[in-house]
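See below for the structure under consideration.
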Amino acid sequence: EQKTLLAMAKGSGIMIWTLGFDTTDDTSLLTTIYKTAHP
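To convert, take the position in the sequence shown, counting from 1, and add 1; that gives my numbering.
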């Protein structure tokens, strides 16, 4: 979440290398990024 906020404030985007190992529960990286960027 903190890295997403930093990227939104100082960067130009977020890159995810692979989604193959991401989870489908509350610990999902992609879900956390989405929820942080779209509150």
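Note that the Cβ used here is the ideal one computed from N, Cα and C, for glycine as well.
Between which two residues does the alpha helix (DSSP H) carrying residue i extend?
i     : result
Leu6  : Gln3 to Lys11
Thr37 : Leu30 to Ala38
Residue j and residue i - do their beta-carbons sit closer together than 8 Å?
i     : j     : result
Glu2  : Thr25 : no
Leu7  : Ile17 : no
Ile15 : Thr5  : yes
Within 7 Å: the Cβ of residue i and any heavy atom of the ligand FMN?
i    : result
Thr5 : Absence of the ligand FMN from the depicted structure is noted, as is the absence of any ligand whatsoever, leaving it without description.
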